[in-house]
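Peer 1: Please see the structure below; I have some questions.
Listed below in structure tokens is the structure:
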């Protein structure tokens, strides 16, 4: 730090935890020189709720509702990851129809999460209107999911061995209507946002992440795909019935904010494709495995299951000692890894760029804090 | 009655009537503009906007203003007290004074000065001082940021603004606003000066700190910029000044490029207000369509694009005037 007699040139700016652009209680301590950032240090933990510790003190079913509250924007992926880990541990077979329903709902949820991101991100860049357009579209998904899951945000829909409630014709018709609607909206988003000169100026070549950095920091999700690495758990470590669908992994070229934005937009289109195929191929049959024990009491052992959430790789690592409670559950959350690169790419940028970069990481702070 | 007419006939009487008229206009205008902004924004965003208080929420702003007056006036610790308290007043006064010279119709002008344009632009420059005072006195880093940005921005955009309005002035040969309107008898200056009009609107948007140039109060970056630490009616005065400033720049655009009060059938002042609100609608449209530019891009835009263009336009105008 500065010594006596030496003129102080930098100062500290507390960015958050109460700030419109940190999307929750995240604090970034900025060392500033004028409007340039010389050092950025994220300070996390304001929203720590001790999910992992909670898991050790309740049985497997009782921990299920927590999974909707770690990442509240893509809750169904967390549901899926945890359920699949427990199913792996206990050897439960999930019926095919239930797997399809899981894929449809999880992909709908993914689109909802990306839509919210697009809206909130443009809000960060100062454009207010797209936010409400995105929310208008997202509202359709929430209504659809509300129908089958009973809630609109913190879903707790999947069960060990399947899903508790079947989807009906009205839901399927609603899904198809939504697919048509959103496909028509992509052009609007393109015209209004992607081709806007101010938007391009704010995002092109800002916050560039190289492939090497991606690997070094263990980034996942759109962050790593924006830099040109086609890493997506749905393809690279296929789970559920994803291998049966035809879809692509969109990747960017330069690794800047614009690429990450485009990756997310294209991912929504791919999710629509998956949902459409799943609706077409939806098999008949039971939605719940037979003979699911009332008390889940897996044998001693450990298991890891990763799924692709809207933000990246969510991994659920369970250690069982043969009790009705897990010995330890470790949640590998994507936002934590993704945020860790901020100090490196935020240096020598302006405050306005920091907002843009932080937004492009798409952090969900409760997920980081757990 | 005779006495009243005699009093109003004197200079002092005119000034007094003018002042009361201006204050009334400023208040009603701000109430209307805030409602208009909310409605414009809402309809661009697929929602109805305020609907509860009055017809389509028409008196919602009055309810909001009442709420604002009831709020506690917080003075944070360690502010520079006198400057902090003075800033909202300083931001508001020059705005009021600008109305002195604006001709609402051929006869409806408080004081028809021969330096009208200069007076308005000089007073507009004072707004920067108030913003600087507010930001500096607040003892808050975000507020200082906001005011520093504001100063840099206003200095950068005042130059092209002045040069741009010089072109119509050159065509008329007078700084008097009524003369400028009178000179547009045959055609509006927007026809002969389209580039100047575009430049003017761009600079005016930046001058009034409106999106996409709303960097001094960029919400997602600087929380609320220079007025972060102001609450209640003190914040209300900043708000009022912002909307009144918008009215003034739109009024100038009307006078310079859209023929002022000229128009068929309807009385002059109606035409004038219609044109002013059309320009304001345009500025609002910008705000709800564009993302915000970055600070360095904003300054580069002013110095490298707007100023050369404004100069080119001025030179061209001078050349054409000389040849004609």
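Protein chains in written order, with the numbering used here: chain A, 698 to 1067; chain B, 1344 to 1667. Every residue gets a Cβ at the ideal spot worked out from N, C-alpha and C, and that includes glycine.
(1) Do residue 804 of chain A and residue 1070 of chain A come within 9 Å of each other at the CB atom, strictly closer than that value?
(2) Using beta-carbon positions only, say whether residue 959 of chain A and residue 947 of chain A come within less than 9 Å of one another.
(3) Report the neighbours of residue 1515 of chain B on chain A: residues whose CB is nearer than 9 Å to its CB, in chain order.
(4) Determine whether the Cβ of residue 896 of chain A lies closer than 9 Å to any Cβ atom of chain B.
(5) With distances taken Cα to Cα, identify the nearest neighbour of residue 1554 of chain B among B:1353, B:1518 and B:1384.
(6) Closer than 6 Å by C-beta to residue 806 of chain A: which residues in its own chain qualify, once you throw out the five before and the five after it? Chain order, please.
(7) Could you check where the alpha helix (DSSP H) with residue 649 of chain A kicks off and where it finishes?
(8) Which residues mark the beginning and the end of the beta strand (DSSP E) in which residue 1356 of chain B is found?
(9) Where DSSP assigns a beta bridge to residue 1539 of chain B, which residues make up the other side?
(10) Based on Cα-Cα distance, which residue from A:1033, A:1050, A:824 and A:984 lies nearest to residue 1069 of chain A?
(11) Tell me the residue span of the beta strand (DSSP E) that contains residue 740 of chain A.
(12) Give the straight-line distance between the Cα atoms of residue 1492 of chain B and residue 728 of chain A, rounded to the nearest whole angstrom.
(13) Could you tell me whether the Cβ of residue 1496 of chain B comes closer than 9 Å to any Cβ of chain A?
(14) Relative to the C-alpha of residue 1581 of chain B, which candidate in B:1373, B:1510, B:1424 and B:1365 has its C-alpha closest?
(15) Please confirm if residue 1048 of chain A has its CB atom under 9 Å from at least one CB of chain B.
(16) DSSP has residue 804 of chain A in a bridge; who is on the other side?
(17) Would you say residue 833 of chain A faces chain B, with C-beta separation under 9 Å as the test?
(18) Please state the DSSP three-state secondary structure of residue 1663 of chain B.
(19) Listing by chain order, which chain B residues have their CB less than 7 Å from the CB of residue 738 of chain A?
(20) Closer than 9 Å, Cβ to any Cβ of chain B: which residues of the stretch 704-718 of chain A, in chain order?
(21) To the nearest angstrom, how far is the alpha carbon of residue 1641 of chain B from that of residue 1521 of chain B?
(22) Would you say residue 1521 of chain B reaches chain A, if we count a Cβ-Cβ gap shorter than 9 Å as a contact?
(23) Residue 674 of chain A touches chain B at which residues, Cβ-Cβ below 7 Å?
(24) Are the Cβ atoms of residue 1064 of chain A and residue 1003 of chain A separated by less than 9 Å?
(25) Sorted by chain position, which residues of the same chain lie with C-beta nearer than 7 Å to residue 1548 of chain B's C-beta, five sequence neighbours on each side aside?
(26) Excluding the 5 residues flanking residue 976 of chain A on each side, which residues of the same chain have their C-beta closer than 8 Å to its C-beta?
(27) Do residue 758 of chain A and residue 993 of chain A have their C-beta atoms within less than 9 Å of each other?
(28) Contact between the stretch 735-747 of chain A and the stretch 821-835 of chain A: three or more CB pairs below 8 Å?
(29) According to DSSP, simplified to helix, strand and coil, what is residue 1600 of chain B?
(30) What residues of chain B sit near residue 732 of chain A, judged by a beta carbon separation below 9 Å?
(31) Under 8 Å Cβ-Cβ, which residues of chain A neighbour residue 1555 of chain B?
(32) Whose Cβ in chain B lies nearer than 9 Å to the Cβ of residue 755 of chain A?
(33) Which partner residues of residue 725 of chain A appear in the DSSP bridge assignment?
(34) Can you tell me which of the three DSSP states residue 853 of chain A falls into?
(35) Measure the alpha-carbon distance for residue 1599 of chain B versus residue 1608 of chain B and round it to whole angstroms.
(36) Quick one: what's got a C-beta closer than 6 Å to residue 1458 of chain B's C-beta in the same chain, skipping five residues either side?
Peer 2: Answer, in terms of the structure:
(1) Coverage of chain A is limited to positions 698 through 1067, which leaves residue 1070 of chain A absent and any answer about it impossible.
(2) Here residue 959 of chain A is taken as the residue at index 262 of the first chain, counted from 1. Here residue 947 of chain A is taken as the residue at index 250 of the first chain, counted from 1. For residue 959 of chain A and residue 947 of chain A, yes; Cβs fall inside 9 Å.
(3) Start at 1 with the first residue of the second chain, and residue 1515 of chain B comes out as number 172. The contacting residues do not exist; residue 1515 of chain B stays about 35 Å from chain A at best.
(4) Locating residue 896 of chain A in the first chain gives position 199, counting from the first residue. Yes, contact with chain B.
(5) Stepping through the second chain from its first residue, residue 1554 of chain B is reached at position 211. Residue nearest to residue 1554 of chain B within the set B:1353, B:1518 and B:1384 is B:1384 (criterion: CA-CA distance).
(6) Counted from its first residue, the first chain places residue 806 of chain A at position 109. Counting only Cβ-Cβ distances below 6 Å, and skipping sequence neighbours, we find 771 and 773.
(7) Outside the modelled stretch of chain A, which goes from 698 to 1067, sits residue 649 of chain A, for which no answer is possible.
(8) Within the second chain, the letter at position 13 stands for residue 1356 of chain B. In the DSSP assignment, residue 1356 of chain B falls outside any beta strand (DSSP E) and within the unbroken alpha helix (DSSP H) covering 1354-1387.
(9) Taking the second chain and counting its residues from 1, the one referred to as residue 1539 of chain B is at position 196. Its beta-bridge partners do not exist; DSSP assigns none.
(10) Outside the displayed range of chain A (698 to 1067) lies residue 1069 of chain A, so it cannot be described from this structure.
(11) Against the first chain, residue 740 of chain A aligns to sequence position 43. 733-740 is the span of the beta strand (DSSP E), which, as asked, contains residue 740 of chain A.
(12) Position 149 of the second chain, counted from the first residue, corresponds to residue 1492 of chain B. Position 31 of the first chain, counted from the first residue, corresponds to residue 728 of chain A. If I take the Cα positions, the gap works out to 19 Å.
(13) Counted from its first residue, the second chain places residue 1496 of chain B at position 153. By this cut-off, residue 1496 of chain B is not an interface position.
(14) Taking the first residue of the second chain as position 1, residue 1581 of chain B is located at position 238. Of the candidates B:1373, B:1510, B:1424 and B:1365, the one whose C-alpha sits nearest the C-alpha of residue 1581 of chain B is B:1373.
(15) Here residue 1048 of chain A refers to the residue found at position 351 of the first chain. Chain B contact via Cβ: present.
(16) Numbered from its first residue, the first chain carries residue 804 of chain A at position 107. In the DSSP output, where bridge partners are listed per residue, residue 804 of chain A has none listed.
(17) What you label residue 833 of chain A is simply residue 136 of the first chain in a count that begins at 1. The Cβ of residue 833 of chain A sits closer than 9 Å to at least one Cβ of chain B.
(18) Mapped onto the second chain, residue 1663 of chain B falls at position 320. Residue 1663 of chain B: helix per DSSP, three-state reduction.
(19) Taking the first residue of the first chain as position 1, residue 738 of chain A is located at position 41. Chain B residues near residue 738 of chain A: none, gap ~17 Å exceeds 7 Å.
(20) Flagged, chain order: 708, 709, 710, 711, 715, 716, 717 and 718.
(21) Numbered from its first residue, the second chain carries residue 1641 of chain B at position 298. Numbered from its first residue, the second chain carries residue 1521 of chain B at position 178. So the alpha carbons of these two residues sit roughly 34 Å apart.
(22) Taking the second chain and counting its residues from 1, one reaches residue 1521 of chain B at position 178. No, residue 1521 of chain B lies away from the interface with chain A (no Cβ there is under 9 Å from its Cβ).
(23) Given that chain A is displayed from residue 698 to residue 1067, the structure contains no residue 674 of chain A and the question cannot be resolved.
(24) Residue 1064 of chain A sits at position 367 when you count from the first residue of the first chain. Residue 1003 of chain A sits at position 306 when you count from the first residue of the first chain. Residue 1064 of chain A places its beta carbon 9 Å or farther from that of residue 1003 of chain A.
(25) As a working note, residue 1548 of chain B is residue 205 in the second chain. Taking C-beta separations shorter than 7 Å and ignoring five residues to either side along the sequence, the partners of residue 1548 of chain B in its chain run 1556, 1626 and 1629, following chain order.
(26) Locating residue 976 of chain A in the first chain gives position 279, where the first residue counts as 1. Beyond the five residues adjoining it in sequence on each side, residue 976 of chain A comes within less than 8 Å, by CB distance, of 801, 869, 872 and 873 in the same chain, given in chain order.
(27) On the first chain, residue 758 of chain A is found 61 positions in, with the first residue counted as 1. On the first chain, residue 993 of chain A is found 296 positions in, with the first residue counted as 1. In this structure, residue 993 of chain A lies closer than 9 Å to residue 758 of chain A by Cβ.
(28) Short answer: they don't touch.
(29) Mapped onto the second chain, residue 1600 of chain B falls at position 257. Helix at residue 1600 of chain B.
(30) For the purposes of this step, residue 732 of chain A is identified with residue 35 of the first chain, where counting begins at 1. Simply 1488, 1491, 1492, 1638 and 1639.
(31) Taking the second chain and counting its residues from 1, one reaches residue 1555 of chain B at position 212. Neighbours of residue 1555 of chain B in chain A, taken as residues whose beta carbon is under 8 Å from its own, are 823 and 895 in chain order.
(32) Along the first chain, one-based indexing puts residue 755 of chain A at 58. Close to residue 755 of chain A, with beta-carbon spacing below 9 Å, lies no residue of chain B; the smallest spacing is near 39 Å.
(33) Counting from one through the first chain, the residue named residue 725 of chain A turns up at place 28. The beta-bridge partner set that DSSP reports for residue 725 of chain A consists of A:712 and A:739.
(34) Within the first chain, numbered from 1, the residue matching residue 853 of chain A stands at position 156. Taken through DSSP and simplified to helix, strand or coil, residue 853 of chain A comes out as coil.
(35) As a first step, residue 1599 of chain B must be located in the second chain, where it is residue number 256. As a first step, residue 1608 of chain B must be located in the second chain, where it is residue number 265. Between residue 1599 of chain B and residue 1608 of chain B, the C-alpha separation is close to 21 Å.
(36) Position 115 of the second chain, counted from the start, is the residue given in the question as residue 1458 of chain B. Cβ neighbours of residue 1458 of chain B beyond the five flanking positions: 1518.
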